[in-house]
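Counted from 1, the sequence shown has number 380 at position 146 by my numbering; the numbering is strictly sequential.
For glycine and all other residues, C-beta sits at the position ideal for the given N, C-alpha and C.
Source: prediction; values computed, not measured.
Right, one structure below, let's go through it.
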Amino acid sequence: MISRDRMITAINCEEPDHVPVYLRPFERIYLIDENIIWKDQFERAKIFLRLDLDDALSLHAPIMINPDVEVKVIKKSENDEKYPLIVKEYHTSRGVLKHVVRMTRDWPHGGDIPIFDDYIVPRARTRKYLLENGEDLDALSVLFAKPSGLRLERFLKEAERVREFAEVNGVLVEGWGPMGGDAAVWLCGVENAIKWTFREPKLMDTLLKIVLEWDLQSIELLSKVKCIDLIIHRGWYENTHFWPPRLYKKFITPMLRREVEETHRRGLKFGYIITTGITSILDDVIDCEVDLLLGVDPIQDRVDLGVVKEKLDGKVCIWGGVNSAITLRSSSEIIGKAVLDAVKRLAPGGGFILGAVDAIFKDTPPQGLKAFIEAWRRVRSYPYR
Numbered sequence: 235m236i237s238r239d240r241m242i243t244a245i246n247c248e249e250p251d252h253v254p255v256y257l258r259p260f261e262r263i264y265l266i267d268e269n270i271i272w273k274d275q276f277e278r279a280k281i282f283l284r285l286d287l288d289d290a291l292s293l294h295a296p297i298m299i300n301p302d303v304e305v306k307v308i309k310k311s312e313n314d315e316k317y318p319l320i321v322k323e324y325h326t327s328r329g330v331l332k333h334v335v336r337m338t339r340d341w342p343h344g345g346d347i348p349i350f351d352d353y354i355v356p357r358a359r360t361r362k363y364l365l366e367n368g369e370d371l372d373a374l375s376v377l378f379a380k381p382s383g384l385r386l387e388r389f390l391k392e393a394e395r396v397r398e399f400a401e402v403n404g405v406l407v408e409g410w411g412p413m414g415g416d417a418a419v420w421l422c423g424v425e426n427a428i429k430w431t432f433r434e435p436k437l438m439d440t441l442l443k444i445v446l447e448w449d450l451q452s453i454e455l456l457s458k459v460k461c462i463d464l465i466i467h468r469g470w471y472e473n474t475h476f477w478p479p480r481l482y483k484k485f486i487t488p489m490l491r492r493e494v495e496e497t498h499r500r501g502l503k504f505g506y507i508i509t510t511g512i513t514s515i516l517d518d519v520i521d522c523e524v525d526l527l528l529g530v531d532p533i534q535d536r537v538d539l540g541v542v543k544e545k546l547d548g549k550v551c552i553w554g555g556v557n558s559a560i561t562l563r564s565s566s567e568i569i570g571k572a573v574l575d576a577v578k579r580l581a582p583g584g585g586f587i588l589g590a591v592d593a594i595f596k597d598t599p600p601q602g603l604k605a606f607i608e609a610w611r612r613v614r615s616y617p618y619r
């Protein structure tokens, strides 16, 4: 069974030839041997497939600023600020959006400010978020335009490269674009997002409707390139630590359901990444008909793998089962037990892809990763009963 078929079979909640393992490296350019590196995702996939590991290629839907928007960026210093400030303004037909950040020592973006980035979330780094009040929402609604011109050409060229590689090598392709509640946090910060959901729900509802429009445009574009198997909705900031279950159901669930419906209408599978606070929203994940839940972690989230399996069995495929930040820094014995426990609890009947949550990072110990892979090889065979 080729890797793509194995992954799709698992996502369909069926048993493939053996339990798939999907490592999801992040900012890492080697597996175990630092002398064997990859320059891009294509080289990485070839290395993984040669080792009988599964992998997936990623294709990101482009986001393009409306050509009618004038963008201004300046850098300045103020006496009451320890660090220089970057001020970025977007002059739209419906008002001006202003973003101000502090160029702290760890600021990685030079003299620019990205709109969607984790570095802009902390209040200590961001002096003014792009969205501060309801008036900003009018300007936000016309900030982006559908990709066109050179931006679209580059995307289509990359999509064709991904398609050709995936067909030849039999590897799954993920389409990234939908960002839902993550976008809300990037745009207005954690504190403002939480405050709006409680005190000004109409503002949050309007914001998420704008984001949903972007997300649906991304799904539409990704579906047209004919190489995507799975749409990924990133939801790291959609967890119930930020959105209590009542508010999750009110704000996040309707958006998620609409995106799943659109994805399925276009013949694709839908994956949802959320790595903590998942237990209380499993019913929502099922009701929305999500195909793949990425991020089930027994350490970070203290989730009971047996409970998750019982709830999702035959309905939603599970990726994860082992923690990367703590477990993969442990002894080979502990890692082996964690892998065995995950496979025994989550693999029976299919619908499971083994992974280390949140990802394999650049500082994940090679010996821990080696122990993880070796343990998987020992216990990956079906059938599990």
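Checklist entry - When the distance is taken between beta carbons, is THR497 closer than 7 Å to ILE560? => result Locating residue 560 in the sequence shown gives position 326, where the first residue counts as 1. Locating residue 497 in the sequence shown gives position 263, where the first residue counts as 1. No; because the gap between Cβ atoms is not below 7 Å, this pair is not in contact.
Checklist entry - What first and last residue would you give for the beta strand (DSSP E) that runs through GLU544? => result Within the sequence shown, residue 544 is the residue found at index 310, counting from 1. Taken as a continuous stretch (DSSP letters only), GLU544 belongs to no beta strand (DSSP E), being part of the alpha helix (DSSP H) at 539 to 546.
Checklist entry - Taking the beta strand (DSSP E) that VAL556 falls in, what are its first and last residues? => result As a first step, residue 556 must be located in the sequence shown, where it is residue number 322. Where VAL556 is concerned, the enclosing beta strand (DSSP E) stretches over 551 to 557.
Checklist entry - Considering only the beta carbon of each residue, do GLY345 and LYS309 sit closer than 7 Å? => result Start at 1 with the first residue of the sequence shown, and residue 345 comes out as number 111. Start at 1 with the first residue of the sequence shown, and residue 309 comes out as number 75. Cβ distance < 7 Å, so GLY345 and LYS309 count as in contact.
Next on the checklist: Between ALA244 and CYS551, how many whole angstroms is the CB-CB distance? I'm expecting something under 8 Å.
Outcome noted: The residue given as residue 244 occupies position 10 in the sequence shown. The residue given as residue 551 occupies position 317 in the sequence shown. With a beta-carbon spacing of about 6 Å, ALA244 and CYS551 fall inside the 8 Å limit used to define contacts.
Checklist entry - Would the beta-carbon of GLY511 fall within 7 Å of that of THR487? => result Mapped onto the sequence shown, residue 511 falls at position 277. Mapped onto the sequence shown, residue 487 falls at position 253. Taking 7 Å as the Cβ cut-off, GLY511 and THR487 do not qualify as a contacting pair.
Checklist entry - Can you tell me the Cα-Cα spacing of GLN601 and ILE594, whole angstroms? => result For this step, residue 601 is matched to residue 367 along the sequence shown. For this step, residue 594 is matched to residue 360 along the sequence shown. So the two alpha carbons sit approximately 12 Å from each other.
Checklist entry - What's the call for MET235, buried or exposed, on a 16-neighbour Cβ count within 10 Å? => result Position 1 of the sequence shown, counting from 1, holds the residue named residue 235. By the 10 Å Cβ count, MET235 comes out exposed.
Checklist entry - Can you tell me whether ASP463 is buried or exposed, with buried defined as 16 or more other CB within 10 angstroms of its CB? => result Taking the first residue of the sequence shown as 1, we reach residue 463 at position 229. Of the other Cβ atoms in all chains shown, 16 or more fall within 10 Å of the Cβ of ASP463; this residue is therefore buried.
Checklist entry - Rounded to a whole number of angstroms, what is the C-alpha to C-alpha distance between MET413 and LYS391? => result Position 179 of the sequence shown, counted from the start, is the residue given in the question as residue 413. Position 157 of the sequence shown, counted from the start, is the residue given in the question as residue 391. Here the alpha carbons of LYS391 and MET413 stand approximately 23 Å from one another.
Checklist entry - Does any heavy atom of the ligand FMN sit closer than 6 Å to the C-beta of LYS280? => result No copy of the ligand FMN occurs in the structure displayed, which carries no ligand at all.
Item to check | Distance between PHE606 and HIS252 (C-alpha atoms, nearest Å) | outcome: Working through the sequence shown from its first residue, we reach residue 252 at position 18. Working through the sequence shown from its first residue, we reach residue 606 at position 372. Taking the straight line from one Cα to the other gives about 16 Å.
Next on the checklist: Can you give me the C-alpha to C-alpha distance between ASP288 and ASP239, rounded to a whole angstrom?
Outcome noted: Translated into positions along the sequence shown, residue 288 becomes position 54. Translated into positions along the sequence shown, residue 239 becomes position 5. The alpha-carbon atoms of ASP288 and ASP239 are separated by roughly 10 Å.
Checklist entry - At which residue ranges does the region 318 to 398 contain complete alpha helix (DSSP H) runs of 4 or more residues, listed in the order of the chain? => result 368 to 374
Checklist entry - Given 8 Å as the limit, is there contact between the region 572 to 587 and the region 252 to 261, that is, 3 or more CB pairs closer than that? => result yes
Checklist entry - Roughly how many angstroms lie between the CA atoms of LEU446 and SER566, to the nearest whole one? => result Start at 1 with the first residue of the sequence shown, and residue 446 comes out as number 212. Start at 1 with the first residue of the sequence shown, and residue 566 comes out as number 332. Whole-angstrom Cα-Cα distance: 44 Å.
Item to check | Same chain, Cβ closer than 7 Å to GLN451, five either side skipped, listed in chain order | outcome: Counting from one through the sequence shown, the residue named residue 451 turns up at place 217. So the list reads LYS380, once near-sequence residues are dropped.
Next on the checklist: Quick check: the region 501 to 517 against the region 526 to 539, are at least 3 beta-carbon pairs closer than 8 Å?
Outcome noted: In the pairwise beta carbon analysis, the region 526 to 539 is classified as touching the region 501 to 517: at least three pairs are separated by under 8 Å.
Checklist entry - For the beta strand (DSSP E) that contains ALA290, what are its first and last residues? => result Within the sequence shown, the letter at position 56 stands for residue 290. Per DSSP, ALA290 belongs to the beta strand (DSSP E) from 290 to 294.
Checklist entry - How about GLU323: is its C-beta nearer than 7 Å to some C-beta of chain C? => result Although the question refers to chain C, the structure presented lacks it and comprises just one protein chain.
Next on the checklist: For PHE485 and TYR363, I'd like the C-alpha separation in whole angstroms.
Outcome noted: By 1-based counting over the sequence shown, the position of residue 485 is 251. By 1-based counting over the sequence shown, the position of residue 363 is 129. Those two C-alpha atoms are separated by around 21 Å.
Checklist entry - Cα-Cα, which of ILE466, ARG563, PHE476 and GLU387 is closest to TRP553? => result By 1-based counting over the sequence shown, the position of residue 553 is 319. Taking only the C-alpha atoms, the option nearest TRP553 is ILE466.
Checklist entry - Is GLU496 helix, strand or coil by DSSP? => result Position 262 of the sequence shown holds residue 496. Helix.
Checklist entry - When the Cα atoms are used, what is the spatial distance from GLY469 to ASP538? => result Taking the first residue of the sequence shown as position 1, residue 469 is located at position 235. Taking the first residue of the sequence shown as position 1, residue 538 is located at position 304. Taking the straight line joining both Cα atoms gives about 20 Å.
Next on the checklist: Taking a contact to mean a Cβ-Cβ separation below 7 Å, would you say ASP189 touches TYR471 in this structure?
Outcome noted: Because the chain is modelled from 235 through 619, residue 189 falls outside the range shown and cannot be assessed.
Next on the checklist: For a quick check, are the C-beta atoms of ILE347 and HIS325 less than 7 Å apart?
Outcome noted: Mapped onto the sequence shown, residue 347 falls at position 113. Mapped onto the sequence shown, residue 325 falls at position 91. In this structure, ILE347 keeps its C-beta atom at 7 Å or more from the C-beta atom of HIS325.
Next on the checklist: Out of PHE378, LYS571 and LEU546, which one is the CA nearest neighbour of TRP556?
Outcome noted: Here residue 556 refers to the residue found at position 322 when the sequence shown is read from its first residue. It should be pointed out that residue 556 corresponds to Val in this sequence rather than to Trp. Closest by alpha carbon: LYS571.
Item to check | With 16 other Cβ atoms within 10 Å as the buried cut-off, status of LYS322 | outcome: Here residue 322 corresponds to residue number 88 of the sequence shown, with the count starting at 1. LYS322 is buried by the Cβ-count criterion.
Item to check | Close-in-space but distant-in-sequence residues of the same chain around ALA400 (CB under 8 Å, 5 per side omitted) | outcome: Translated into positions along the sequence shown, residue 400 becomes position 166. Within the same chain, ALA400 has close Cβ partners ARG238, LEU291, LEU406, VAL407 and CYS461.
Checklist entry - Between LEU580 and VAL613, is the Cβ-Cβ spacing less than 7 Å? => result Mapped onto the sequence shown, residue 580 falls at position 346. Mapped onto the sequence shown, residue 613 falls at position 379. In this structure, VAL613 does not lie closer than 7 Å to LEU580 by Cβ.
Item to check | Boundaries (first-last residue) of the beta strand (DSSP E) holding ILE465 | outcome: For this step, residue 465 is matched to residue 231 along the sequence shown. Segment 464 to 468, the beta strand (DSSP E) holding ILE465.
Item to check | Contiguous beta strand (DSSP E) assignments of at least 3 residues, all confined to the region 399 to 462 | outcome: Within the region 399 to 462, the complete beta strand (DSSP E) runs of at least 3 residues are 406 to 410.
Checklist entry - So LEU562 packs on LEU603, CB below 8 Å; how close in whole Å? => result Residue mapping note: residue 562 aligns to position 328 of the sequence shown, counting from 1. Residue mapping note: residue 603 aligns to position 369 of the sequence shown, counting from 1. The Cβ separation is near 6 Å, so the contact holds.
Next on the checklist: Could you compute how far the alpha carbon of TRP420 sits from the alpha carbon of ILE349?
Outcome noted: Counted from its first residue, the sequence shown places residue 420 at position 186. Counted from its first residue, the sequence shown places residue 349 at position 115. Cα to Cα, TRP420 sits roughly 7 Å from ILE349.
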